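Novice: In my numbering, the protein residues as written are 80 to 854.
Note that the Cβ used here is the ideal one computed from N, Cα and C, for glycine as well.
Note that the coordinates shown come from a computational prediction; the quantities given were computed from them, not determined experimentally.
This is the structure we're talking about:
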């Protein structure tokens, strides 16, 4: 009897221990799940590991651990956890949702959408599947569908009215649709349901900021107070609070120090240079979620006109009529409702008027690009007959004559949405048709190229290519000269950045005759905010400025040049805005998130290898999401003006594009209009060298750089204090060398390439046609 009692007692104790362990693991699991619902995945992670120590066979804890890993960006860890699950567990809806989330993280949003659709077919009540589908519909990608995201969240809330993720996602969808009144109502609902969560107040404060509602201030202040243990979230709340106060003439003197964002003050250069926003006055303040733009004299009247494209919105062609621009889009055949991403100008058929290329559809999937041929000022889309009408996911493109046959070819970045398409090298057949030679030439990069640039970096007379890739090493394609290219990025030292590469351009930053290279980075917003505080980059999330050493290699000089900060640069432009003879850099910053309000930036080239931030002094620091940024002297007063395409990815994030008029003061200048005869008609690739006193000022003509855009069609040289040019040398792609002596400054000169070669080093008779046009 005693033996039986002892056995029963032991069994009871074991059962109690198991129940205690189960109870402890259940409590920890619920605690971890609550943290995950607050997006505190790093904090939840150790709790889930503890659950698995107590309950090693807990499949759901393993799945949640995988979710916590992928939500922190640890794809390989999450994939390893998923792969280790038993086959039966892999069929659970939660595991299948994790698998779909891994697909989305890898850039396969459409495949993830199909996977979730199948989950919902098999498990119609899967709340997690429905909410992941809402997340996919919220993405700035091919799956974006804000209305369906709203519907998915509403369905989830019908069964669980206070489900945190559903409330968050519904508010985000409403805000991105630009329904600010409804967003404010849902913000109130969210913070009433979750009054002690800083993230709820941050999202509500963001909505109020966009709605210009006075509740932005108290909601964002509350977000600061509730985020003391979440420094990244607190920093974002502080920044948005600063933006809200800036709209009300700055911080009040009585505001507590804990609510102030303490911005690092970068070294600045003394300057009187200032720009004025005259976009509305000039009639070019289009709201098209500004993408690419290009300057073009489409009607050959001597004035620079403007072409601008946006996402799924009709193009705009503005004719320069002096003080204002006239919208002539419809009349000139460019009222294309498909919109575009990047656009650039070049005379591909050498008939004397510039044509236009426009790319589609980037992150949003595949669509045909357009080639608009200019026929006496009227445009026709000839992409189909030119062989460019394939459905692709293109981003930027750059013009070049890679085989020196006198006709411009086009290098196009494809595959950005994850389609697997390689880049195209479209070879001009001289009859209006292009053939893709990328594979044969060795430049059919499938690494999701986003930025392209062309320039003769080694001075051998052949134009080389650079490809900035998303999540892969970048490429520097050296033009061998026989129709093929070899990737020399590693030996040249220009592989980076890897994460966040965006756009690129070649330029000669120090006038040493070697083309240097700038590559922008789309840094994460927390890194940008930290950089605004510290003045330092969060490595490696920063731009890369590569100095050409003249021996086939480059050196990263970003830090000594003063550009080692984290920026969300989706585009960049270059031009000598003060005419001092050194090219300056404009960074167009931002990101898809509506909370990401980041100032664009203008950096002055000091001529000693360094750059100084003159954004505040110059008045160019708009918070509008920046894209195409192009320089041209549209008013012909001798200095470069700036057109900035602004706007984010969502309907709500539409900003008016800005035309910044350069009000000076600036130095002297020379504008050079090139007309090729043996080289391509635009003279793209031509190198120009101006000798003024003891100085040498250099430039190379290009089109399709930065955000795949084009500056004004003429080369603009700042001359500093020089009032005359001692000598001017032109080196055409045909090998022809021209030299002119004793030229005046502060005017435009039209130079025609001689129709017969004179040798690479010889001089030519200066009697060749030169046309002077005083501005």
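If we count Cβ pairs, one from each stretch, closer than 8 Å, do we get three or more for the segment 574-583 versus the segment 615-625?
Specialist: Yes, the segment 574-583 touches the segment 615-625.
Novice: Looking at C-alpha atoms only, which residue of 208, 157, 199 and 264 is the closest neighbour of residue 184?
Specialist: Translated into the one-based positions of the chain shown, residue 184 becomes position 105. That would be 157, whose Cα lies nearest to the Cα of residue 184.
Novice: Helix, strand or coil for residue 116, going by three-state DSSP, please let me know.
Specialist: Taking the chain shown and counting its residues from 1, the one referred to as residue 116 is at position 37. Three-state DSSP puts residue 116 in a helix.
Novice: Identify which residue in 598, 344, 408 and 135 has its Cα closest to the Cα of residue 165.
Specialist: Counted from its first residue, the chain shown places residue 165 at position 86. Minimum Cα distance to residue 165 is reached at 135.
Novice: What are the boundary residues of the beta strand (DSSP E) that residue 607 is part of?
Specialist: Position 528 of the chain shown holds residue 607. Element bounds for residue 607: not the beta strand (DSSP E) but the alpha helix (DSSP H), 604-613.
Novice: Can you tell me whether DSSP reads residue 269 as helix, strand or coil?
Specialist: As a first step, residue 269 must be located in the chain shown, where it is residue number 190. If DSSP states are grouped into helix, strand and coil, residue 269 belongs with the helices.
Novice: State the DSSP-derived secondary structure class of residue 403, mapped to helix, strand or coil.
Specialist: The residue you call residue 403 lines up with position 324 of the chain shown. Correct three-state label for residue 403: coil.
Novice: Can you tell me the Cα-Cα spacing of residue 434 and residue 446, whole angstroms?
Specialist: Within the chain shown, the letter at position 355 stands for residue 434. Within the chain shown, the letter at position 367 stands for residue 446. Straight-line Cα distance between these residues: approximately 20 Å.
Novice: Buried or exposed, going by whether 16 or more other CB atoms sit within 10 Å of the CB of residue 677?
Specialist: Residue numbering aside, residue 677 sits at position 598 when the chain shown is read from its first letter. Burial call: buried.
Novice: Might you give, ordered along the chain, the residues of its own chain that have their beta carbon closer than 7 Å to the beta carbon of residue 226, omitting 5 neighbours on each side?
Specialist: What you label residue 226 is simply residue 147 of the chain shown in a count that begins at 1. Closer than 7 Å at the Cβ level, and outside the excluded window around residue 226, lies no residue.
Novice: DSSP three-state label for residue 223, please.
Specialist: In the chain shown, the residue the question calls residue 223 occupies position 144. It is coil, neither helix nor strand.
Novice: What does a CB cutoff of less than 6 Å around residue 605 pick up in its chain, not counting 5 residues either side in sequence?
Specialist: The residue given as residue 605 occupies position 526 in the chain shown. Within the same chain, residue 605 has close Cβ partners 311.
Novice: Is the distance from the Cβ of residue 284 to the Cβ of residue 299 below 8 Å?
Specialist: Your numbering for residue 284 matches position 205 in the chain shown. Your numbering for residue 299 matches position 220 in the chain shown. Yes, Cβ-Cβ distance for residue 284 and residue 299 is below 8 Å.
Novice: What separation, rounded to the nearest whole angstrom, lies between the Cα atoms of residue 167 and residue 198?
Specialist: Here residue 167 refers to the residue found at position 88 of the chain shown. Here residue 198 refers to the residue found at position 119 of the chain shown. The straight-line gap from Cα to Cα measures roughly 15 Å.
Novice: Is DSSP giving residue 190 helix, strand or coil here?
Specialist: Position 111 of the chain shown, counting from 1, holds the residue named residue 190. The answer is helix: DSSP assigns residue 190 an H, G or I state.
Novice: Tell me which residue opens and which closes the beta strand (DSSP E) that residue 710 is part of.
Specialist: For the purposes of this step, residue 710 is taken as residue 631 along the chain shown, with counting starting at 1. Note, residue 710: beta strand (DSSP E), 705-711.
Novice: Give me the Cα-Cα distance between residue 129 and residue 104, rounded to the nearest whole angstrom.
Specialist: Locating residue 129 in the chain shown gives position 50, counting from the first residue. Locating residue 104 in the chain shown gives position 25, counting from the first residue. So the two alpha carbons sit approximately 8 Å from each other.
Novice: Just the Cα atoms here: how many angstroms apart are residue 763 and residue 597?
Specialist: Against the chain shown, residue 763 aligns to sequence position 684. Against the chain shown, residue 597 aligns to sequence position 518. Computed Cα separation, rounded: 19 Å.
Novice: Consult DSSP for residue 697 and reduce its assignment to one of helix, strand or coil.
Specialist: The sequence position of residue 697 within the chain shown is 618, counting from 1. Three-state result, residue 697: helix.
Novice: Which residues in the same chain have their Cβ closer than 7 Å to the Cβ of residue 580, if we skip the five residues on either side of it in sequence?
Specialist: Sequence index remark: in the chain shown, residue 580 carries index 501 (1-based). Closer than 7 Å at the Cβ level, and outside the excluded window around residue 580, lie 529, 530, 547, 548, 549, 553, 598 and 600.
Novice: Please classify residue 148 as buried or exposed, where buried requires at least 16 other C-beta atoms within 10 Å of its C-beta.
Specialist: Counted from its first residue, the chain shown places residue 148 at position 69. Residue 148 should be labelled buried.
Novice: In the DSSP assignment, find the beta strand (DSSP E) that holds residue 823 and state where it starts and stops.
Specialist: Mapped onto the chain shown, residue 823 falls at position 744. 816-823 is the span of the beta strand (DSSP E), which, as asked, contains residue 823.
Novice: In the DSSP assignment, the beta strand (DSSP E) including residue 803 goes from what residue to what residue?
Specialist: Within the chain shown, numbered from 1, the residue matching residue 803 stands at position 724. 803-810 is the span of the beta strand (DSSP E), which, as asked, contains residue 803.
Novice: Whose CA, out of 392, 346 and 245, lies closest to the CA of residue 268?
Specialist: As a position in the chain shown, residue 268 is number 189, starting the count at 1. Checked all of 392, 346 and 245; the closest Cα to residue 268 is 245.
Novice: Compute the Euclidean distance between the alpha carbons of residue 208 and residue 483, then round it to the nearest angstrom.
Specialist: Here residue 208 refers to the residue found at position 129 of the chain shown. Here residue 483 refers to the residue found at position 404 of the chain shown. C-alpha separation (whole angstroms): 55 Å.
Novice: Name, in chain order, the residues that DSSP records as bridge partners for residue 327.
Specialist: Here residue 327 corresponds to residue number 248 of the chain shown, with the count starting at 1. DSSP output for residue 327 lists no bridge partner at all.
Novice: So, using beta-carbon positions, are residue 594 and residue 521 closer together than 8 Å?
Specialist: Taking the chain shown and counting its residues from 1, one reaches residue 594 at position 515. Taking the chain shown and counting its residues from 1, one reaches residue 521 at position 442. No.
Novice: For the putative contact between residue 832 and residue 813, defined by C-beta atoms under 8 Å, what is the C-beta separation to the nearest angstrom?
Specialist: The residue you call residue 832 lines up with position 753 of the chain shown. The residue you call residue 813 lines up with position 734 of the chain shown. At roughly 7 Å, the Cβ-Cβ gap stays under 8 Å, so residue 832 and residue 813 are in contact.
Novice: Can you have a look at residue 333 and say buried or exposed, based on whether 16 or more other CB atoms are within 10 angstroms of its CB?
Specialist: For the purposes of this step, residue 333 is taken as residue 254 along the chain shown, with counting starting at 1. With fewer than 16 other Cβ atoms within 10 Å, it is exposed.
Novice: Quick one: is residue 328 buried, meaning 16 or more other Cβ sit within 10 Å of its Cβ, or exposed?
Specialist: Along the chain shown, one-based indexing puts residue 328 at 249. Classification of residue 328: exposed, given that the 10 Å Cβ count is below 16.
Novice: Nearest-angstrom Cα distance between residue 840 and residue 661?
Specialist: In the chain shown, counting from the first residue as 1, residue 840 sits at position 761. In the chain shown, counting from the first residue as 1, residue 661 sits at position 582. Residue placement at residue 840 is poorly supported in this model, since its pLDDT is 40, which falls under 50; the coordinates are not used for a value here.
Novice: Specify, as a first and last residue, the run of the alpha helix (DSSP H) that residue 160 falls within.
Specialist: Here residue 160 refers to the residue found at position 81 of the chain shown. It spans 154-163 - the alpha helix (DSSP H) in which residue 160 sits, taken as one unbroken run.
Novice: Spatial neighbours of residue 461 within its chain, please: C-beta separation below 8 Å, excluding the five flanking residues on both sides.
Specialist: Position 382 of the chain shown, counting from 1, holds the residue named residue 461. The answer, listed in chain order, is 450, 451, 452 and 511.
Novice: Pick from 628, 614 and 583: whose alpha carbon is nearest that of residue 855?
Specialist: Here the chain covers residues 80 to 854 and nothing more, so residue 855 does not appear.
Novice: In whole angstroms, what separates the C-alpha of residue 295 from that of residue 389?
Specialist: The count along the chain shown starts at 1 and reaches residue 295 at position 216. The count along the chain shown starts at 1 and reaches residue 389 at position 310. Cα to Cα, residue 295 sits roughly 30 Å from residue 389.
Novice: Tell me, which residues are paired with residue 691 by DSSP?
Specialist: Here residue 691 refers to the residue found at position 612 of the chain shown. In the DSSP output, where bridge partners are listed per residue, residue 691 has 683.
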